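2 protein chains.
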Amino acid sequence: MAATLRDVAKLAGVSFKTVSNVINDYPHVRPATRAKVERAIAELGYKPNLNARSLRSGRTDTVALAVPELNLSYFAELAGMVIAAAEESGLTVVVEQTGGDRDRELALLRSPRLSMTDGLILSPLGMGQEDAGALDVPFPLVLLGERTFDWPCDHVTMRNVEAARAATEYLLASGRRRIAVIGEYEGEVMGSARLRLRGYREALAAHDVPYDASLVVRATLWHRADGARAMHELLDRDVPFDAVFGFNDTMALGAMRVLQEAGRRVPEDVAVIGFDDLDEAAYSIPSLTTVDPGREWLARTALGTLLERIAETGPKQPPRTELADFTIVERESAPRN
Amino acid sequence: MAATLRDVAKLAGVSFKTVSNVINDYPHVRPATRAKVERAIAELGYKPNLNARSLRSGRTDTVALAVPELNLSYFAELAGMVIAAAEESGLTVVVEQTGGDRDRELALLRSPRLSMTDGLILSPLGMGQEDAGALDVPFPLVLLGERTFDWPCDHVTMRNVEAARAATEYLLASGRRRIAVIGEYEGEVMGSARLRLRGYREALAAHDVPYDASLVVRATLWHRADGARAMHELLDRDVPFDAVFGFNDTMALGAMRVLQEAGRRVPEDVAVIGFDDLDEAAYSIPSLTTVDPGREWLARTALGTLLERIAETGPKQPPRTELADFTIVERESAPRN
DNA sequence: GCAGAATTCTACAACGATGCAAACCGGGTT
DNA sequence: AACCCGGTTTGCATCGTTGTAGAATTCTGC
Numbered sequence: 001m002a003a004t005l006r007d008v009a010k011l012a013g014v015s016f017k018t019v020s021n022v023i024n025d026y027p028h029v030r031p032a033t034r035a036k037v038e039r040a041i042a043e044l045g046y047k048p049n050l051n052a053r054s055l056r057s058g059r060t061d062t063v064a065l066a067v068p069e070l071n072l073s074y075f076a077e078l079a080g081m082v083i084a085a086a087e088e089s090g091l092t093v094v095v096e097q098t099g100g101d102r103d104r105e106l107a108l109l110r111s112p113r114l115s116m117t118d119g120l121i122l123s124p125l126g127m128g129q130e131d132a133g134a135l136d137v138p139f140p141l142v143l144l145g146e147r148t149f150d151w152p153c154d155h156v157t158m159r160n161v162e163a164a165r166a167a168t169e170y171l172l173a174s175g176r177r178r179i180a181v182i183g184e185y186e187g188e189v190m191g192s193a194r195l196r197l198r199g200y201r202e203a204l205a206a207h208d209v210p211y212d213a214s215l216v217v218r219a220t221l222w223h224r225a226d227g228a229r230a231m232h233e234l235l236d237r238d239v240p241f242d243a244v245f246g247f248n249d250t251m252a253l254g255a256m257r258v259l260q261e262a263g264r265r266v267p268e269d270v271a272v273i274g275f276d277d278l279d280e281a282a283y284s285i286p287s288l289t290t291v292d293p294g295r296e297w298l299a300r301t302a303l304g305t306l307l308e309r310i311a312e313t314g315p316k317q318p319p320r321t322e323l324a325d326f327t328i329v330e331r332e333s334a335p336r337n
Numbered sequence: 338m339a340a341t342l343r344d345v346a347k348l349a350g351v352s353f354k355t356v357s358n359v360i361n362d363y364p365h366v367r368p369a370t371r372a373k374v375e376r377a378i379a380e381l382g383y384k385p386n387l388n389a390r391s392l393r394s395g396r397t398d399t400v401a402l403a404v405p406e407l408n409l410s411y412f413a414e415l416a417g418m419v420i421a422a423a424e425e426s427g428l429t430v431v432v433e434q435t436g437g438d439r440d441r442e443l444a445l446l447r448s449p450r451l452s453m454t455d456g457l458i459l460s461p462l463g464m465g466q467e468d469a470g471a472l473d474v475p476f477p478l479v480l481l482g483e484r485t486f487d488w489p490c491d492h493v494t495m496r497n498v499e500a501a502r503a504a505t506e507y508l509l510a511s512g513r514r515r516i517a518v519i520g521e522y523e524g525e526v527m528g529s530a531r532l533r534l535r536g537y538r539e540a541l542a543a544h545d546v547p548y549d550a551s552l553v554v555r556a557t558l559w560h561r562a563d564g565a566r567a568m569h570e571l572l573d574r575d576v577p578f579d580a581v582f583g584f585n586d587t588m589a590l591g592a593m594r595v596l597q598e599a600g601r602r603v604p605e606d607v608a609v610i611g612f613d614d615l616d617e618a619a620y621s622i623p624s625l626t627t628v629d630p631g632r633e634w635l636a637r638t639a640l641g642t643l644l645e646r647i648a649e650t651g652p653k654q655p656p657r658t659e660l661a662d663f664t665i666v667e668r669e670s671a672p673r674n
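Line by line, the protein sequences give chains A and Z.
Numbers 1 to 337, taken from our numbering, label the letters of the first sequence in order.
Numbers 338 to 674, taken from our numbering, label the letters of the second sequence in order.
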């Protein structure tokens, strides 16, 4: 059995509360006593029982992070960043996968498992405006990555519309006019899809390029295979296009693969731009031009915001929205000119 | 404040212990009482405080999973599988990143944070034989992915030597003779590197192909960029080669990219085979032939083994080793013929 | 050498749950 | 009518820690 405060206390010949005081750096402990206790701690290899500490103090120093799935590189890299940032603050992270499923997202918000955490960072995909009520929870909650709706909690998110518009304008500036889009999802559940589509349309409108629905291909899950499937569909439609905007890198890469199988040269025949700036984007053939939505900042800010909420004592502050800056990363699949 | 057992009890007009009995499905509760209590639970939205439960019962229903970094797709996908499997058993998973760093791995094994978990699944990279003692820990521990050493705990791992040998023989069978290797790491810390190199050499020996050290390129971290760097180094050496065996997919993909930049055709000039069977391998250009080390099985078995250890009551059983079956997944970068 | 103030240490009560054992409550035996 | 016996319910101790309040000790100044 692991040693407890009392074991240490007995060995050191003090009361167990004194040991607790030593551990918590209570100022009024005589150096000699402290040394004695520390020796006993070392000798027994004592480690505090964090469960007991949490029960007593109400703080768990653990946060939950819920993403659709780690299988999607975007979320894997994001999760890695959140965990690394948490580690710096001495926090533990429990990771949950929702599969982007509304019911699982809602279930998570009500889960007793959250009683083991101080708060939750949620990347929702399935929930919609009708679920706003479910977000009014009695614990700190930060939404990461969406901002479609008027929801009663903090958001840390990216400039989806502006970034998509910039990506589209980038393609337009390089002379492309028939720009296909992969990842639209009319179900309207997935916030980013709608927002990025809006940015795309704004760019077209600003440049007097007509919007052509036959260039828009839907994809619900945003996996590599979805991008591939979408590109097959686009090719089957037999409409001309000279560029593709994938709503995420993974789909763009899947699409690029199919494109090249079909004999189209990238970027000569078709320019391809993605969204996310995954590690992988720099090493595909050709390397993928993409939008860096500011992930590192997103991860750190989401955690920072959550920690502020956790530390908050007085009356609840109104929800805040934090927006990351994006940049376009030029690579081979869509050269600037 | 969240409702407690006592709040529910007061509302239902029973003792708080009866509420506890209802929650724990204690058999001798009158249906009428049970209904009354359940109504009160619903009305208050009572959720058990898992910290308190853990403190009392000693079980946390949480396990820790430590991987080098989620940034590496292999570990991200693996982590996703472990979490999904845990979810099925009603377990929570806390994810830690060690960076493959020995000191952080060792620190983790001694971390008080583990007192919040029932056990640990560790994917060690940095530790060596001299650290065997550190693995003799007072909690359930399963090593996932390495089996270089004689360590006093359960291992769930892959057939590194056999799989690497099979991959090499696959290339040999397709007529390649100058097979380069990327990912060797003489530091000998990283078990897989040594084992896969051994498999490679065994295959060569079995087919009377001489081992040529100038075909072996080291890489310590196994990222995409490491594969790219290694391939640059190999090209600089200016030795002829007609195939490349990347010790993981990520490096193989990075290398393949450089190879094509340099004008070598894959697979005509150089066949490429990887190791891991990432999602991504099916969508690269060309798609990547690789070894599927049985990851899904590894993830499930690691968790299953850990759960068995956790459930274990009597004297500690001797450590076990579980080995996954591998398969070679033929794709374009290295056709069978 | 002693009062009074500081410092250092300790006792006790939580935190919210579970395990154990005892108490209760009817109906069937004797 | 006392007794026993399941099924049901309850009270108490406990898990390992921290907060509060007060007791014990040491220090200070005269």
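Glycine is no exception: its CB is placed at the ideal position from the N, C-alpha and C atoms.
The structure presented is a predicted model; accordingly, all values stated were derived computationally and were not measured.
Going along chain Z in order, which residues have a C-beta closer than 9 Å to the C-beta of A/Gln97?
-> Within 9 Å Cβ-Cβ: Gly417, Ile420, Ala421 and Glu424.
Excluding the 5 residues preceding and the 5 following Z/Leu508 in the sequence, name in chain order all residues of the same chain whose CB lies nearer than 8 Å to its CB.
-> Ile516, Ala580, Phe582, Ala608, Ile610 and Ala671
Closer than 8 Å to chain A by CB, Z/Lys347 | no
Chain Z partners of A/Tyr283, CB-CB under 7 Å?
-> Arg561, Ala565, Leu590, Gly591 and Arg594
Are A/Asp276 and A/Val329 touching if we call contact CB-CB under 8 Å?
-> Going by C-beta atoms, A/Asp276 is not nearer than 8 Å to A/Val329.
Select from Z/Gly463, Z/Ala550, Z/Gly427 and Z/Ile622 the residue whose C-alpha is nearest the C-alpha of A/Met256.
-> Z/Ile622
Within its chain, find whatever has a CB closer than 8 Å to the CB of Z/Glu380; leave out the 5 residues flanking it on each side and keep chain order.
-> Leu348
Going by the beta-carbon positions, is the gap between Z/Thr505 and Z/Thr454 smaller than 8 Å?
-> no
Determine whether the Cβ of Z/Lys384 lies closer than 8 Å to any Cβ atom of chain A.
-> Cβ-Cβ to chain A under 8 Å: yes for Z/Lys384.
So, Z/Glu617 versus Z/Ser357, is the Cβ gap smaller than 8 Å?
-> Their beta carbons are not under 8 Å apart, which means Z/Glu617 does not touch Z/Ser357 by this criterion.
Residue range of the alpha helix (DSSP H) that includes A/His155 | No alpha helix (DSSP H) contains A/His155, which is instead part of the beta strand (DSSP E) from Asp154 to Met158.
Touch test, the region 149 to 168 of chain A against the region 292 to 307 of chain A, Cβ-Cβ under 8 Å, three pairs minimum = yes
Distance between beta carbons of A/Thr92 and Z/Arg450, contact taken as under 8 Å = 5 Å
For Z/Arg561, which option in Z/Met588, Z/Ala540 and Z/Arg538 has the closest C-alpha, if you only look at C-alpha atoms?
-> That would be Z/Met588, whose Cα lies nearest to the Cα of Z/Arg561.
Z/Thr494 versus chain A: which residues are under 9 Å apart at the beta carbon?
-> In chain order: nothing, as chain A lies at least about 21 Å away.
Buried or exposed by the 16-neighbour rule on C-beta atoms within 10 Å, applied to A/Asp226 = Label assigned to A/Asp226: buried.
Could you tell me how far apart the beta carbons of Z/Val554 and Z/Ile519 are, in whole angstroms, since I believe they sit closer than 8 Å?
-> Their Cβ separation, rounded to whole angstroms, is 5 Å, which keeps Z/Val554 and Z/Ile519 in contact under 8 Å.
Cβ neighbour criterion (16 or more within 10 Å) applied to A/Glu312 = exposed
At 7 Å on the CB atoms, spell out the chain A contacts of Z/Gln597, in chain order.
-> Ile285
Indicate whether at least one CB of chain A lies closer than 8 Å to the CB of Z/Asp616.
-> Between Z/Asp616 and chain A, the shortest Cβ-Cβ separation is below 8 Å.
DSSP beta-bridge partners of A/Gln129 = None; A/Gln129 has no bridge partner.
Following the continuous beta strand (DSSP E) through A/Gln317, name the residue where it begins and the one where it ends.
-> Element bounds for A/Gln317: n/a, residue is neither H nor E.
Interface residues of the region 93 to 117 of chain A facing chain Z [CB-CB below 7 Å] | Listed by position along the chain: Val93, Val94, Val95, Gln97, Pro112, Arg113, Ser115 and Met116.
Show which residues of chain A have a CB atom less than 8 Å away from the CB atom of Z/Asn388.
-> Asn51, Ser54, Leu55, Thr60, Ser115 and Met116
Using a Cβ-Cβ distance under 8 Å, would Z/Asn361 count as near chain A?
-> no
So which residues on chain Z does A/Glu312 lean against when the C-beta distance must stay under 8 Å?
-> Neighbours of A/Glu312 on chain Z: none; closest Cβ ~16 Å, over 8 Å.
How would you list, in chain order, the residues of chain Z whose beta-carbon sits under 8 Å from the beta-carbon of A/Pro138?
-> Near A/Pro138 (Cβ distances below 8 Å), the residues of chain Z are Ala339.
If we ignore side chains and look at the alpha-carbon of each, how far apart do Z/Leu387 and Z/Leu402 end up?
-> 20 Å
Quick one: does A/Glu71 have its CB under 8 Å from some CB of chain Z?
-> In the sequence as displayed, the identity of residue 71 of chain A is Asn instead of Glu. Interface residue, yes.
Using a Cβ cut-off of 8 Å (strictly closer), state whether Z/Glu570 contacts chain A.
-> no
May I ask you to report which of helix, strand or coil DSSP gives Z/Ala543?
-> helix
Starting from the C-beta of A/Val266, find all residues in its chain whose C-beta is less than 7 Å away, skip the five residues before and the five after it, and write them out in chain order.
-> Met256, Leu259, Gln260, Val272, Pro286 and Ser333
Could you pull out every residue in the same chain whose Cβ sits closer than 8 Å to the Cβ of Z/Val345, ignoring the five residues on either side in sequence?
-> Phe353, Val356, Val374, Ala377, Ile378, Leu381 and Tyr383
Going by DSSP, what residues sit across from Z/Thr429 in a beta bridge?
-> Z/Thr399
Assuming A/Leu144 contacts A/Ser115 under a Cβ cut-off of 8 Å, what Cβ separation, rounded to an integer in Å, is found between them?
-> Contact doesn't hold; Cβ gap of about 21 Å is too wide.
Backbone CA spacing between Z/Ser551 and Z/Glu570 [nearest angstrom] = 10 Å
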